[in-house]
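Beneath this line is the structure, given in structure tokens, with notes to follow.
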Amino acid sequence: MSYILAFDVGTTRTKAVLTATDGSVVASAAETYPIYYPEPDFAEQDPADWWNAIGKTSRQLMAGGAVLASRIEGLAFSTQMLNVICLDGKGNPLGRSISWLDCRAHQEAASIMRRLGGPKIFASLLGTAITGKDVLPKIWWLKRHAPELYAGAATFADASGYLLYRATGRLVFEWSCASVTGLFNLKSKKWDGVVMKLLGIDPAKYPVLVGSSEKVGGLTAEAARHLGLLEGTPVFGGAGDAMSAAVGSGAVGEGDGHLCLGTSGFVGLVTRKRVTGRRGMASVQSADPEKLLLVGETETAGSCLKWAAREFYGASEDDPAIYRRMDEDVASTAPGSGRLIFTPWMYGERSPVSDESLRAGFFNLSAGHTRAQMTRAIYEGVAFNLRWILDSMDELYKFRPDPLRVIGGGANGAPWLQIVADVTGRRLERMSNPQESGAIGAAILAAVGLGIHPSVESIKSVLRPTAIIEPHPAPRKIYDDLYAAFREIYPSIKGLYHKLNRIN
């Protein structure tokens, strides 16, 4: 039997997942690493941490004896996106990676969109308007504030490109990751030379583009030793986390939708239609060369639960027992949480409102509310934000995905899934190993590249849901009322957010 090794390279940890060629999980191992916050609005990571985590988890799986290295047919990465790494002429990082969480470049984002005709025209060209968390403003920030670093960079890479280089010795940029840079033309599937020229960005700093299921090369001898694999093992392009997760969900046909409940949360919809991103949604290249992915992301989903676990329940780390206790409290509390509303905007928001100044909060809190009600309000608040994204897809583009495949670590929590189904009014289809969907998607892409599957869409018959969650009718009225109030909060007090959290 043949196997594929896939790596899900996230914000705070990397997970190595050994799969069969049909995406079924055989074994996994994980390793964590830090985020650095050297200044206000800055968020950085050390690229070496990712590579070290990949090596450690891969060697751990190989040492476990589940499969011989000679049985690994290929490997691929599913990676976090929207980061910037400056590489010198030998492929070495000139400093830390600027993380997708980093919002230092908010002024550059506004300047770029003004230069290119304003947010609406910019979105019509490249799929969405941009914020200070996006790649293009970060590149401009480097030009303005770190000109020596910009000039010294022979190549701009992201997490995917850096790891593909470490694995194969070849500098490339995978096209689903490229599509979120603001420099990728969705129509031509090439770097947008016009935008680069208008903004004075040297096109020579961006490497050749590769497809998600395209073979990039074979493992170098050094990389093979680091991973405990055989030299020459094929390495494929893989995809960004959202695009890999879409494949791993099995929602790969026209109009199919999936919902991810991870550290962040997002709704993804597959379409051949090229729509302009609005309300913070982005139209990006999917892992399928024939299709795009319309994505709406809420930046802190599981992060809100993690905050509650720490602050309300005293958890010092990710303790499954604490989350079970939270689920018990939520299940014992009536829908609506005593008409308490939580806004899940811990670190600004991208969709359905794109505003870095937003912050989370409780509305309508009284002395009579309990910890259990506050916890349930957090679960419901994330669900309200996801419903707003889904409703925006319907209101703006007439897309209404139903059912929704559901993935991410949050899909393992039955109370949260039922709340999301009840709030959105959508049928949810839970996948097997939902927390591994990104890695499963990357493994499937490698299998397509190997010719095991004829196309990305062909895997619809392979990846099937293991559980169905139907929305309950009873809480519909209270959720509709609270959702209507939830949508009023931002337009009512956005000026206050701007005053309190003015980005410096």
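Residues 563 to 1066, numbered by my numbering, are exactly what the sequence shown covers, in order. Ideal Cβ positions, reconstructed from N, Cα and C, are used throughout, including at glycine.
- Within the segment 952–977, the beta strand (DSSP E) runs of at least 3 residues that lie entirely inside it are, in chain order, 966–969.
- Taking all protein chains in view, the Cβ of His707 is surrounded by fewer than 16 other Cβ atoms within 10 Å, so the residue is classified as exposed.
- By the Cβ neighbour-count rule, Ala939 is buried, with 16 or more other Cβ atoms within 10 Å of its own.
- Straight-line spacing of the CA atoms in Val772 and Pro996 works out to 27 Å.
- Closest in alpha carbon position to Thr862, among Gln847, Asp818 and Trp662, is Trp662.
- By the Cβ criterion, the segment 620–630 is not in contact with the segment 985–996, since fewer than three pairs of Cβ atoms, one from each stretch, lie closer than 8 Å.
- A distance below 7 Å between beta-carbons, with the five flanking residues on each side excluded, links Val778 to the following residues of its chain, in chain order: Leu726, Thr730, Arg732, Val734, Val772, Val797, Phe798 and Gly799.
- Using a Cβ-Cβ distance cut-off of 8 Å, the segment 693–710 and the segment 606–616 are not in contact, since fewer than three pairs of beta carbons, one from each stretch, lie closer than that value.
- One thing to note: Phe924 has its Cβ within 8 Å of the Cβ of Leu902.
- Here Val697 really is in contact with Thr743; their C-beta atoms are around 4 Å apart, less than 8 Å.
- Rounded to the nearest whole angstrom, the C-alpha separation of Lys1022 and Val985 is 27 Å.
- Among the bridge pairs identified by DSSP, Thr833 is matched with Leu854.
- Remark: C-beta atoms of Leu831 and Leu867 do not approach each other more closely than 8 Å.
- The DSSP-derived three-state label of Val814 is coil.
- Between Leu580 and Ser564 a beta carbon distance of about 11 Å is seen, past the 8 Å cut, so the two are scored as non-contacting.
- Around the beta carbon of Ser774, 16 or more other beta carbons lie within 10 angstroms, which makes this residue buried.
- In the three-state DSSP reduction, Asn947 falls in the helix class (H, G or I).
- The way I'd put it, the segment 907–927 does touch the segment 837–851; three or more beta-carbon pairs between them come closer than 8 Å.
- Residue state for Lys751 is assigned as coil, using DSSP reduced to three classes.
- Around the beta-carbon of Ile969, 16 or more other beta-carbon atoms lie within 10 Å, marking it buried.
- Under the 8 Å Cβ criterion, the segment 888–895 does not count as touching the segment 810–818, having fewer than three qualifying pairs.
- Nearest neighbour of Thr825 by Cα position, chosen from Tyr909, Cys739 and Val1018, turns out to be Tyr909.
- Excluding residues up to 5 positions away in sequence, Ala808, Val832, Asp850, Val1018, Glu1019, Ile1021 and Lys1022 lie with their Cβ nearer than 7 Å to the Cβ of Val814 in the same chain.
- Minimum Cα-Cα distance from Gly864 among the listed residues Ala973, Arg677 and Tyr1052 corresponds to Ala973.
- Between Ser750 and Met805, the CB-CB gap reaches or exceeds 8 Å.
- In the DSSP secondary-structure assignment, Ile1031 is bridged to Leu990.
- For Trp950, the closest C-alpha among the options Glu736, Val982, Met936 and Leu920 is that of Val982.
- Judged by their CB atoms, Ser632 and Val646 are not nearer to each other than the 8 Å cut-off.
- Nearest to Asn654 by C-alpha distance, out of Ala929, Phe904, Ala719 and Lys1061, is Ala719.
- One Cα belongs to Gly636, the other to Ile1014, and the distance between them is close to 11 Å.
- A check of alpha carbon separations from Thr583 across Ala1008, Ile1051, Leu649 and Arg1064 identifies Ala1008 as the nearest.
- Taking all protein chains shown into account, Leu789 has 16 or more neighbouring C-beta atoms within 10 Å of its C-beta and is therefore buried.
- Burial check for Ala605: the Cβ neighbour count within 10 Å reaches 16 or more, so the residue is buried.
- DSSP, reduced to helix, strand and coil, places Cys866 within a helical segment of the structure shown.
- When Lys618, Phe639, Ser811 and Trp753 are compared, the shortest CA-CA separation from Thr1028 is found for Ser811.
- For Gln642, no beta strand (DSSP E) encloses it, and the DSSP letter there is neither H nor E.
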